[in-house]
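Note sheet for the following structure.
Numbering (this note's numbering), first residue to last: 303 to 440.
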């Protein structure tokens with residue numbers, strides 16, 4: 303009975319995990335896909351090319367795309383996303399490798415993180431001496 307409880311807990315924990323790191327299993331399965339297989343999924347040639355080179359350049363893939371099977375987050379950022387974003391800023395800093403930066407924020411891709419960062423600067427929430435505002439535009 304104790305083993306069954308442990309098994310159920312493990313299954314529930316796995317279901318709750320919804321991050322790009324959890325999606326790595328889907329990526330591992332997709333590693334065996336050919337270009338034709340990926341195109342048949344409806345992927346653009348740009349996505350296929352970025353996906354096939356993601357190990358050498360994850361920033362290129364995750365700047366525009368989520369891991370396979372991960373739904374795209376849209377709209378306003380939720381508080382937990384903002385918290386994850388700020389955790390990334392604190393731990394990684396801002397290197398402008400937004401694709402890699404986004405990998406810890408479920409559903410968000412690099413260009414969304416870049417835009418959100420710019421919004422935080424424009425709203426005066428954070429300052430960055432590398433961003434220069436000209437007529438309210440960075």
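Heads up, the beta-carbon is just placed ideally off N, CA and C, and yes, glycines get one too.
Assuming residue i is part of the alpha helix (DSSP H), what are its boundary residues?
i	result
residue 340	337 to 342
residue 383	381 to 394
residue 371	Premise fails: residue 371 is in no alpha helix (DSSP H) and is neither H nor E.
residue 350	347 to 354
residue 405	Run containing residue 405: none; DSSP gives neither H nor E here.
residue 432	Segment: none, residue 432 is in no alpha helix (DSSP H) and carries neither H nor E.
residue 357	First-last for residue 357: undefined, no H or E at that position.
residue 420	412 to 424
Is it buried or exposed, residue i, if we count other Cβ atoms within 10 angstroms and call 16 or more buried?
i	result
residue 340	buried
residue 411	buried
residue 434	exposed
residue 402	buried
residue 436	exposed
residue 338	exposed
residue 352	buried
Hey, out of the options, whose CA is closest to residue i's CA?
i	options	result
residue 378	422, 358 and 362	422
residue 390	367, 336, 372 and 418	418
residue 404	354, 380 and 361	361
residue 372	397, 357 and 406	406
residue 346	393, 367 and 359	367
residue 382	349, 430, 343 and 408	408
residue 343	370, 357 and 427	370
residue 375	426, 424 and 415	415
residue 441	400, 393 and 388	The chain is shown only over 303 to 440; residue 441 falls outside these bounds and no answer can be derived.
How close, in whole Å, do the beta carbons of residue i and residue j come, if the pair is a contact with beta carbons under 8 Å?
i	j	result
residue 365	residue 398	So it is not a contact: roughly 11 Å between Cβ atoms.
residue 425	residue 396	The Cβ separation is near 16 Å, so there is no contact.
Please indicate yes or no: does the CB of residue i lie closer than 7 Å to some heavy atom of the ligand FMN?
i	result
residue 358	Within the structure as shown, the ligand FMN is missing, as the structure has no ligands at all.
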